[in-house]
Amino acid sequence: MPLLNMVQAINLALNEEMERDDRVVLLGEDVGRDGGVFRITEGLLERFGSERLIDTPLSESAIVGAAIGMAVYGLRPIAEIQFMGFLYAAFDQLFTHAARLRSRSRSRYTCPLVVRTPYGGGIKAPEMHEESTEAFFCHMPGVKVVVPSGPYTAKGLLTAAIRDPDPVLFLEPTRLYRLIREEVPAGDYIVPLGRAQVVREGDDVTLIAWGSMLEWVLKAVGEYSAEVIDLLTLNPFDAETVLASVRKTGRVVIVHEAVKSCGFGAEIAATIAEEAILHLRGPILRVTAPDVTVPLAKLLDHYLPSAERIRAALDEVLQY
1 MPLLNMVQAI NLALNEEMER DDRVVLLGED VGRDGGVFRI TEGLLERFGS ERLIDTPLSE
61 SAIVGAAIGM AVYGLRPIAE IQFMGFLYAA FDQLFTHAAR LRSRSRSRYT CPLVVRTPYG
121 GGIKAPEMHE ESTEAFFCHM PGVKVVVPSG PYTAKGLLTA AIRDPDPVLF LEPTRLYRLI
181 REEVPAGDYI VPLGRAQVVR EGDDVTLIAW GSMLEWVLKA VGEYSAEVID LLTLNPFDAE
241 TVLASVRKTG RVVIVHEAVK SCGFGAEIAA TIAEEAILHL RGPILRVTAP DVTVPLAKLL
301 DHYLPSAERI RAALDEVLQY
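The sequence shown: position 186 = 186 (UniProt numbering), numbered continuously.
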C-alpha cells in the first residue's frame, strides 16, 4: 500500500471520483493548467479535459455561485477556494443559497456541492492565508463541515463528501499537506461523515481535537492515560462518541487553533454540560488561539496551541 501525503491522497480521491462519475467537475482559480495553488489538481486537466477542469476568474462568489447552479442541474461540482480567508466573499452564496436549497424546495432540489479550501495556520503565510474560522460555517444549517487530520482520512472523507447529496465544506489543514505520510489504499473506501474516531484510548481525561491540532495533541499526551478523539466532522459533530468518552473519563480538554470566544470548542463544551455534567470531575478546559487576528509569521508560534500548553491544561484538569 503506498505511503502518500495529504496532497497526493486528495488528488487520488479526485482522480477516482472523476473516473467513477462523469458528473464530477472541478472549478476554481488555477485548478486546470497550474494544478491549483498547492498542486492538488495536478494532472487532472490532461486526464479529464477542460470541460471538467474549469479555470475561473478571480471571483470566489462567482465560483461558488456557478457551482451551486451546476449542482442543482445535476452535476457534482467541486469548487476550490485558494485559502479560507477568501471564502468570506462567497459567504452569501453558501449561506443564502447552497445551505437552503433542500429546505426551500421541500427536498425537490438538493445541492451536491463540495467546497474545498486550505485552512489553518502553521505555514507562516501573509494575512488572510492562515484563517481558522470553521465556527462561522458550523453555524450554517444545511452545510456539513469536514476536517481531515491526515492523508487516509482526507481521501475517505473527500470521497464521502463528493457522494453526499447536500453541500459539504471540506477544510484541508494547510500545515499537514506535505508534513506526514500514511498508507492510503487505492480504490473505493469512504470515511463516513458525521462520525468521530477514537484514535487513542485512555481512562483519566478526554482530549478532543481536529485537523492539524490532532498531531500536537498526540505529541502532548505522552504517559498520560488520555483518550484522544479526532472529531473529523464538525457539523454535525459526533456527540455520541464524545459523551461516551466523557462519561468514562470525567475530564475534558478541547484543543483548536481558532480563537476561543465562540469557537467550536464552546459548542462541544455546552453539549457536554447539557448531557453529561454529572459525570464531570473537573471544569471543561479549552486550549485555543487568543482572541486576536491571526498574526504575521514572527508571532505565529505564540498564537497557535502548543504541546506545552496542552500538557499544562492536562495537569490542571487532572489536579482539580
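Ideal placement from N, C-alpha and C gives every residue a C-beta, glycine not left out.
Environment of residue i [buried if 16+ CB atoms lie within 10 Å]
| i | result |
| --- | --- |
| residue 96 | exposed |
| residue 43 | exposed |
| residue 261 | exposed |
| residue 6 | buried |
| residue 303 | buried |
| residue 186 | exposed |
| residue 1 | exposed |
| residue 212 | buried |
| residue 296 | exposed |
| residue 29 | buried |
| residue 73 | exposed |
| residue 172 | buried |
| residue 103 | exposed |
| residue 257 | buried |
| residue 109 | exposed |
| residue 278 | exposed |
Beta carbon of residue i nearer than 7 Å to that of residue j
| i | j | result |
| --- | --- | --- |
| residue 67 | residue 101 | no |
| residue 236 | residue 194 | yes |
| residue 79 | residue 111 | no |
| residue 82 | residue 37 | yes |
| residue 14 | residue 151 | no |
| residue 147 | residue 137 | no |
| residue 9 | residue 155 | yes |
| residue 228 | residue 246 | no |
| residue 259 | residue 307 | no |
| residue 160 | residue 190 | yes |
| residue 196 | residue 238 | yes |
| residue 75 | residue 20 | no |
| residue 214 | residue 107 | no |
| residue 121 | residue 300 | yes |
| residue 232 | residue 134 | no |
| residue 162 | residue 17 | yes |
| residue 65 | residue 93 | yes |
| residue 167 | residue 98 | yes |
| residue 117 | residue 157 | no |
| residue 143 | residue 179 | no |
Helix, strand or coil at residue i [DSSP, three-state]
| i | result |
| --- | --- |
| residue 152 | helix |
| residue 180 | coil |
| residue 35 | coil |
| residue 117 | strand |
| residue 226 | strand |
| residue 257 | strand |
| residue 74 | coil |
| residue 196 | coil |
| residue 299 | helix |
| residue 168 | strand |
| residue 242 | helix |
| residue 19 | helix |
| residue 205 | strand |
| residue 190 | coil |
| residue 110 | coil |
| residue 213 | helix |
| residue 14 | helix |
| residue 124 | coil |
Cross-strand partners of residue i (DSSP beta bridge)
| i | result |
| --- | --- |
| residue 91 | Answer is none; residue 91 lacks a bridge partner. |
| residue 316 | Looking at the DSSP assignment, residue 316 forms no beta bridge with any residue, so it has no partner. |
| residue 235 | 145 |
| residue 289 | 259 |
| residue 3 | 183 |
| residue 173 | 119 |
| residue 54 | 27 |
| residue 79 | 27, 115 |
| residue 252 | 206 |
Close beta carbons around residue i, own chain, < 8 Å, minus the five adjacent residues each side
| i | result |
| --- | --- |
| residue 123 | 129, 130, 174, 175 |
| residue 269 | 252, 254, 284, 286 |
| residue 244 | none |
| residue 181 | 3, 4, 5, 151 |
| residue 11 | 40, 41, 42, 43, 44 |
Proximal residues to residue i (C-beta, below 7 Å), its chain only, five neighbours per side dropped
| i | result |
| --- | --- |
| residue 204 | 224, 225, 226, 249, 251, 318 |
| residue 33 | 45, 55 |
| residue 77 | 25, 27, 67, 70, 71, 113 |
| residue 89 | 60, 61 |
Beta carbon proximity, residue i to chain C, threshold 7 Å
| i | result |
| --- | --- |
| residue 279 | Given the protein chain composition of this structure (a single chain), no chain C is represented. |
Cβ shell of residue i (< 6 Å), same chain only, five flanking positions each side left out
| i | result |
| --- | --- |
| residue 207 | 217, 226, 228, 253 |
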